[in-house]
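Below: the structure, in structure tokens.
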Ligand code: GAP
């Protein structure tokens with residue numbers, strides 16, 4: 191895969207309303223991106239797919255939606271205030287700071303070769319709670335979404351029907367003041383995570399760790415077209431945090447090489463023990479059958495939604511040369527993720543019978559799926575637009591429709607066109 195795929199994806203995202211740099215009219219702000227009209231639909235579909243797989247289709251996982259700001263002690267207990275640091279070295283010529291692994295002998299910005307010794311920078315974003323000067327409380331934007339799951343653990347156990355083994359799932363924002371946000375939305379300062387914390391009896395950890403590794407890999411294999419671009423990477427024992435017994439990343443082959451997509455972490459009883467200690471509240475669990483009392487151990491699966499979204503764009507992007515020599519750019523994205531399931535075109539925009547019939551079909555389909563109406567430009571331009579945003583099917587209403595009640599359905603991937611009866615259209619699209 192060539193590196194310029196990243197610049198092609200960045201340009202396509204802007205051109206077609208998938209992702210925009212935040213605050214662009216002010217010159218932008220490093221590490222922040224907005225999802226545009228097409229991107230937000232895709233991202234919502236992606237999150238729904240995760241939620242269905244991890245929560246709706248299971249009996250042993252419930253969801254929460256926690257806040258971004260929490261009690262500041264949470265971050266003392268979690269170790270983020272002392273340990274959540276990125277190591278950076280400063281170029282003595284241009285004074286920009288870089289992670290040591292990004293330097294490769296010279297400054298990526300100015301080419302300088304003289305660097306300060308690497309120092310640690312804390313990545314938590316600080317803020318204040320309260321409005322009266324002198325009476326505000328310092329607080330932090332959450333550096334990882336999972337902490338709110340530990341905070342809600344007791345409330346979930348006390349308020350719902352869950353029994354260990356069970357999981358709490360959440361999709362939510364996390365904030366890291368990354369010193370070098372880079373590679374589009376690969377590393378940003380504001381991003382979303384999809385997390386599962388699965389609580390088990392300590393003696394069952396090995397079994398559940400393996401189970402979740404396989405489940406999560408299977409999720410990504412179904413999501414991407416090219417499953418050969420996925421692999422596990424096991425963290426070497428000497429690099430694990432002191433409480434972790436094992437950790438695997440699910441990696442994706444990005445244009446710049448293998449890169450993390452999601453972490454599967456053996457967290458043991460560390461998190462609940464820490465929060466018990468710092469809050470003074472007992473977070474142990476009593477088995478309703480055996481009456482055994484213990485702190486549940488945790489298998490965590492924690493992935494980046496925005497990062498997955500970016501990898502999906504890499505996975506789907508194709509350039510094809512057509513018979514007439516024209517270049518076609520197409521996003522062969524998983525149809526479940528596509529912003530629109532179909533687009534409806536009246537062949538001509540100035541013929542009342544055709545536009546009226548097209549509107550009728552559009553309104554009928556809209557009841558069941560997300561469809562786009564497009565009557566701008568010629569059909570060729572409309573196909574080009576829909577291909578670039580990954581719309582699986584384009585439906586054209588023409589003169590023949592008025593005669594025999596059929597429409598043309600054009601497939602995004604094969605570009606094949608077939609005539610389908612209007613009554614059979616819905617079924618053919620959802621097949
Ligand atoms: N609770 C565990 C945790 O947060 P992590 O490996 O630091 O683990 C999990 O983060 C996932 O979040 C990563 O695999 C990655 O997909 C995503 N992620 C982490 N930092 C990110 C950033 N700066 N920008 C975008 N995604 C990020």
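Residue numbers (the working numbering): 191 to 621.
By construction, the Cβ of each residue, glycine as well, lies at the ideal position given by its N, Cα and C atoms.
Is residue i buried or exposed, if buried means 16 or more other CB atoms sit within 10 Å of its CB?
i: residue 584; result: buried
i: residue 328; result: exposed
i: residue 322; result: exposed
i: residue 281; result: buried
i: residue 228; result: buried
i: residue 336; result: buried
i: residue 486; result: buried
i: residue 547; result: buried
i: residue 297; result: buried
i: residue 263; result: exposed
i: residue 206; result: buried
i: residue 347; result: buried
i: residue 413; result: buried
i: residue 203; result: buried
i: residue 559; result: exposed
i: residue 478; result: exposed
i: residue 493; result: buried
i: residue 432; result: exposed
i: residue 610; result: buried
i: residue 292; result: exposed
i: residue 512; result: exposed
i: residue 215; result: exposed
i: residue 514; result: exposed
i: residue 592; result: exposed
So, at 6 Å on beta carbons, what are the nonlocal neighbours of residue i in its own chain, with the 5 sequence-adjacent residues on each side left out?
i: residue 271; result: 265
i: residue 520; result: 508 and 577
i: residue 464; result: 267
i: residue 224; result: 210 and 212
i: residue 259; result: 329
i: residue 539; result: 565
i: residue 525; result: 582
i: residue 522; result: 506, 508 and 603
i: residue 237; result: 361
i: residue 392; result: 487
i: residue 319; result: 327 and 329
i: residue 562; result: 530 and 533
Which whole-angstrom value describes the C-beta separation of residue i and residue j, a residue pair presumed to lie in contact below a C-beta threshold of 8 Å?
i: residue 454; j: residue 406; result: 6 Å
i: residue 475; j: residue 354; result: 6 Å
i: residue 250; j: residue 356; result: 5 Å
i: residue 602; j: residue 580; result: 7 Å
i: residue 388; j: residue 489; result: 5 Å
i: residue 438; j: residue 403; result: 6 Å
i: residue 555; j: residue 532; result: 6 Å
i: residue 386; j: residue 553; result: Wrong, their Cβ atoms sit about 40 Å apart, outside the cutoff.
i: residue 551; j: residue 232; result: Incorrect: roughly 24 Å between the Cβ atoms, too far for contact.
i: residue 456; j: residue 429; result: With 8 Å as the limit, residue 456 and residue 429 do not qualify as a contact, their Cβ atoms being about 14 Å apart.
Under 7 Å Cβ to Cβ from residue i, same chain only, skipping five residues before and after it: list those, please.
i: residue 416; result: 505
i: residue 255; result: 360 and 362
i: residue 219; result: 212 and 213
i: residue 306; result: 279, 280 and 282
i: residue 496; result: 375, 378, 381 and 382
i: residue 366; result: 313, 333 and 379
i: residue 398; result: 355, 388, 390 and 489
i: residue 462; result: 340, 343, 473, 485 and 486
i: residue 226; result: 207, 208, 209 and 210
In chain order, what residues of the same chain have a beta carbon less than 8 Å from the beta carbon of residue i, not counting five sequence neighbours either side?
i: residue 613; result: 595
i: residue 537; result: 544, 569, 586, 587, 588 and 589
i: residue 448; result: 421, 423, 441 and 442
i: residue 221; result: 368, 371, 377, 378, 379 and 380
i: residue 295; result: 303
i: residue 466; result: 472, 473, 474 and 485
i: residue 618; result: 599 and 610
Taking 6 Å as the cut-off, is the beta-carbon of residue i closer than that to any non-hydrogen atom of the ligand FMN?
i: residue 260; result: With respect to small molecules bound, the structure shown includes the ligand GAP and not the ligand FMN.
Across which residues does DSSP place residue i in a beta bridge pair?
i: residue 590; result: DSSP, once it has assigned bridges, lists no residue as partnering residue 590.
i: residue 281; result: 305
i: residue 448; result: 443
i: residue 456; result: 489
i: residue 421; result: 441
i: residue 312; result: 275
i: residue 209; result: 225
i: residue 560; result: None, per the DSSP bridge assignment.
i: residue 601; result: 583
i: residue 163; result: For the chain, the structure presents residues 191 to 621; residue 163 sits outside this window and is missing.
i: residue 518; result: 510
i: residue 384; result: 361 and 493
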